[in-house]
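Quick note: the sequence shown, position 189, residue 173 per the working numbering, numbers continuous. Virtual Cβ for every residue (Gly too), placed ideally from N, Cα, C.
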Amino acid sequence: MFVLTLNFVLIAGIVAVSIERDDRALAGVAEYAGTDAKESEIVLVESRFDNLENSRQFEVHYFTPLGVDAPLPPGLDRWPEPGQVYLSPALFERGADESIAERFGDFEGFISNDGLIDQGELLAYVRPQTDLRVDDKRVDKVIDWGSDGATGEISGIHWLAKQHDFSVAGLIAFIVVALVLPSLALTLVSARIAARRRDRREHLVSILGGMRKHLRWIALGESFPSIGIGFCLALVVMVFVLAVGLDIPVVGFEVSAEDLRSHILLIVGAASLSLAIAAAIVLGLARRTKIRRDSSRLLSDQRLRRMSVIAGLFPVSLAVGVFLPRFFAYTPSYMILQWVGTIGVLLTLPATLGLLTARAGRLLANRGRRRQDAVLLVAGSHLQAQPRETARYITGLAMGLVLFFLVLAYQGILAGDTEEAMQYREYYGTNTILVRTPDAASIEELRAFAAGISEPVEVLAIRTEDRPGSTSSVIASCETLQRLDIPCEKQADSKLDLGKIDALIGAWSSGPKSIVVEDPSEAVLEGATFLLVNPERSQIEIPEVKLAANEFNVIVAVEAPGRGWLIGSMPHYEQAEWVMLFGMCGLAIIGAVSAVASAGRFFAASSRLAPLTAIAGMSSQYYRISAWLVAIPIGLTAVMGTIIGMWIVRPLTIYATKSPGWSTAGVAVGVVLISGIVMWYWASRIAIRDTERWRPGSHE
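Put into structure tokens, the structure is as follows:
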């Protein structure tokens, strides 16, 4: 009940936070000035992108108010002075190591929370030293902020942050599959614990004339303590989050308590719905029924043969999904075979696990007879007689693990560009930096900029003629070329392979460029893109270059070659952390479902053994019996499901740089094992307590 309630509240919280974020995004939508707007009511706005190392992009908005009535952007209560900067708290904190407070000017203060779509948004407001120009085509003329429509999805102060968002509908759908459905299964399995005793009571009530409504009242009364305790514990957690908010681990997303309190009725309604669903499950199980008799007969030979045939298709399906696709690489058949193999594995897994359980039970029972070990004999006989019951609760666990690795692999395909871009960056390094100054600069600014870089650098300019069919040319002095080990040739048709300067630039360029041997300063001052190259081929720190670029009175873009590739793929990379977080939580719930179900089966067996164990004084052996019937099946299934999952996603590495690694596998197995160990100990203690209470003539 505790887990089910939290999951329903989680979905309601996501909806509440999404609504509040959308409202704040709409508050940042610009209303542009018309031809009849007064100049004193206009603020000029130019928006640029920047980023921290190994992080997604964020927006930097430059403002120049034209009069006292110019509208303040969301989150400010006064206009900054020229050269002053306001940052979001998250950007200030995360960018401290990169001196982000000094990158755009003089840090003046923080953007207030009502100007941010969430507390983790990275955002900067800058008033440049040199005012923006009205006639600049890159500049927008704004007379007001805020919109009551849906344009916040496509424009505004928070446009980029909204573009990077997870789809709310997709996130909720994933939570329903990964968390809510396993939680419902856990509630159902928990309600069926000690079902045999409950069936006896319900049968007795029916014989005495009890009607369905009486059975339902009895069922509610029996379930009230466990449901009530779980619901109350969930309410305690909910009240705590409503009071102080929540910083979600792994992903680092901060949930505002104020956002949640704004939709308190929605959250309370979600919690109440979970309570109603749990009550419905309990009432659905309360029905007139015959006493359930668990058969102790072994499976028939015909059923074993049928299971053997289906299980024999399991390795075939695994081979089709894992090994056969390699012969059809980069063809449609590649993914088709992978899908066919995966579906075949999932369909044949129940029979495979059932057959393995029956044979393992036979081996244990035979070993117990030979060694006269009552524990092995009891555990093995139980597994051999009821393999389907055991396979039923471990099959869901194995399938959950396989699906977990499949989801991670497909998310890895989306995030694969990030991994590949990181490998490129590590291989090529950052000994070359591109700097773009869209407006003219002074020689003093250029010298101050170069002096702010600690590493020795050479400056080369790249100029593109503004006419159709023109090509780029590289401008460098003869001394610079010589220091870069490039021949200084002054012929008009001289060409330069940019790969000699930087391998990544050469790989991405369209071919050799014309080279002009002259001082590049003039071209740089005219607004050309220029390269900073370290002649020693050591790394140039990009944050340091961005900080030095503040010497320019114009807006400057600084990036390493190919860095845009990495930055553009970061949202998918960060979204993979959400998949990992909720996937692991889902695995924990599925592990709990399997562990609770196996403990329930163990309780049924232990109740029949109570007379023997009480008389023989061997109640302590329940720890070993429970280990064979609860902990060991869960542990072996966790290892088996993990191995199958990692194998089945191997073909997907052709579309991604890597599949889920052994560290992920270790965490997945550990999460499931914790559930198995906890339920093993709990089931053992309950069985020992029941045995110690048994007296001759007592009933189950």
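query: Residue from V69, L250, R431 whose Cα sits closest to the Cα of G93; result: V69
query: Segment contact flag, the stretch 382 to 389 with the stretch 623 to 634, C-beta cutoff 8 Å, min 3 pairs; result: yes
query: Reduced DSSP secondary structure (H/G/I, E/B, other) of D128; result: strand
query: Alpha-carbon to alpha-carbon, E442 and A523; result: The amino acid occupying residue 523 in the given sequence is Gln; Ala does not appear at that position. Rounded to the nearest angstrom, the two C-alpha atoms are 13 Å apart.
query: Contact under 8 Å by Cβ, L257 with F(-8); result: yes
query: Euclidean distance between Cα positions of R122 and Y46; result: 11 Å
query: Rounded separation between E473 and V458 - CA only; result: 13 Å
query: Sub-8 Å separation of E535 and E429 beta-carbons; result: yes
query: Proximity of T171 and A262 at Cβ, strictly below 8 Å; result: yes
query: Boundaries of the alpha helix (DSSP H) in which A85 is found, first to last residue; result: 84 to 87
query: Three-way DSSP call (helix, strand, coil) for N35 in this model; result: strand
query: Top-ranked residue by Cα proximity to S240, from E105, R669, G212; result: E105
query: Short Cβ contact (8 Å threshold) for R5 with I141; result: no
query: Three-way DSSP call (helix, strand, coil) for I275 in this model; result: Below a pLDDT of 50, predicted positions are generally treated as unreliable, and I275, at 46, falls in that range; no measurement from the model is reported.
query: Assigned secondary structure, S446 (DSSP; H/G/I helix, E/B strand, else coil); result: As written in the sequence, residue 446 is Ile, which differs from the Ser given in the question. Of the three classes helix, strand and coil, the one that applies to I446 here is strand, per DSSP.
query: C-alpha distance - R351 paired with D357, whole-angstrom precision; result: 8 Å
query: A14 (DSSP reduced to helix, strand or coil); result: strand
query: Cα-Cα separation between F311 and F298, rounded to whole angstroms; result: 20 Å
query: Assigned secondary structure, Y109 (DSSP; H/G/I helix, E/B strand, else coil); result: strand
query: Simplified DSSP state of E543, which is helix, strand or coil; result: strand
query: Under the three-state DSSP convention, the category R372 falls into; result: helix
query: C-beta atoms of I446 and L516 nearer than 8 Å; result: no
query: Option in G89, Y16, A21, S24 with minimal Cα separation from I539; result: G89
query: Length of the line joining the Cα atoms of P471 and R521; result: 18 Å
query: Touch test, the stretch 551 to 570 against the stretch 154 to 166, Cβ-Cβ under 8 Å, three pairs minimum; result: yes
query: Alpha-carbon spacing of M663 relative to D7, whole angstroms; result: 46 Å
query: Presumed contact (8 Å Cβ cut-off) between S553 and T648, rounded CB distance; result: No, S553 and T648 are not in contact; Cβ-Cβ is about 20 Å, not under 8 Å.
query: Reference G384; option with closest CA among V173, S151, S578; result: S578
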